[in-house]
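Residue numbers (my numbering): 194 to 361. Report on the following structure.
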């Protein structure tokens, strides 16, 4: 188990990595999860996921709709919303409440509740393991007699790329 003081590995949303492999791996994982659970990854759902996977940035539903339209999938908002609802419901994407936008999950299909680090400059989003933060939050809640039913942890700041680009 990783502690909050351990030095974590760089997160895909902020670190250099083989993005082609990142996309291919996520698509493979989603396809395998769909096959194993009898879920239909329709062409529009797959296209919406590919759009989200293209960059580690949160996209609003209308940005996804525009990209779907460019790929020939219609122009009515329900097209995007239904695809995004499917992706979120099955753990293939997350909704970032702060931005009212969606981001592809870095661990698609795994039951987890990550922390999202959002760059306020470029809207890049990195998904980080939240076990230590959630354990601390649960302990505080338990001590207060509060039962946590759902928690979304979103942290706003500046990503390494934007911090390096900022004038000193």
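Each residue gets a CB set at the ideal place from its N, CA and C atoms; glycine is no exception.
Residue i - containing alpha helix (DSSP H), residue span
| i | result |
| --- | --- |
| residue 241 | 236-246 |
| residue 272 | 270-282 |
| residue 265 | Taken as a continuous stretch (DSSP letters only), residue 265 belongs to no alpha helix (DSSP H), as it is neither H nor E. |
| residue 332 | 324-336 |
| residue 347 | Not the alpha helix (DSSP H): residue 347 falls in the beta strand (DSSP E), residues 346-350. |
| residue 312 | That residue, residue 312, is in no alpha helix (DSSP H); its beta strand (DSSP E) goes 308-312. |
| residue 342 | Looking at the DSSP string, residue 342 is not in any alpha helix (DSSP H), and its letter there is neither H nor E. |
Distance between residue j and residue i (C-alpha atoms, nearest Å)
| i | j | result |
| --- | --- | --- |
| residue 194 | residue 270 | Note on residue 194: pLDDT 39, under 50, position unreliable in the model; the coordinate value appears next. Going from the Cα of residue 194 to the Cα of residue 270 covers about 42 Å. |
| residue 219 | residue 334 | 34 Å |
| residue 272 | residue 349 | 30 Å |
| residue 323 | residue 268 | 37 Å |
| residue 341 | residue 331 | 7 Å |
| residue 347 | residue 263 | 31 Å |
| residue 221 | residue 274 | 23 Å |
| residue 229 | residue 265 | 29 Å |
| residue 317 | residue 281 | 19 Å |
| residue 215 | residue 343 | 28 Å |
| residue 225 | residue 328 | 30 Å |
| residue 326 | residue 306 | 11 Å |
| residue 300 | residue 359 | 31 Å |
| residue 248 | residue 232 | 25 Å |
| residue 163 | residue 336 | Only positions 194 to 361 of the chain appear in the structure, and residue 163 is not among them; the question remains open. |
| residue 310 | residue 255 | 22 Å |
| residue 234 | residue 319 | 25 Å |
| residue 197 | residue 227 | In this predicted model, residue 197 has a pLDDT of only 42, less than 50, meaning its place in the structure is not dependable enough to derive any value. |
Whether residue i touches residue j by CB criterion (8 Å)
| i | j | result |
| --- | --- | --- |
| residue 237 | residue 261 | yes |
| residue 283 | residue 295 | no |
CA nearest to the CA of residue i, picked from the options
| i | options | result |
| --- | --- | --- |
| residue 279 | 298, 340, 264, 263 | 298 |
| residue 432 | 233, 225, 217, 276 | Residue 432 is absent from the model: the chain starts at 194 and stops at 361. |
| residue 213 | 288, 227, 246, 235 | 246 |
Same chain only: Cβ atoms within 6 Å of residue i, ignoring 5 sequence neighbours per side
| i | result |
| --- | --- |
| residue 293 | none |
Residues near residue i by beta carbon distance below 8 Å, same chain, minus five either side
| i | result |
| --- | --- |
| residue 315 | 250, 352, 354, 355 |
Neighbourhood of residue i by C-beta, 7 Å cutoff - its chain only, sequence neighbours within 5 removed
| i | result |
| --- | --- |
| residue 345 | 290 |
| residue 308 | 321, 323, 326, 346, 348 |
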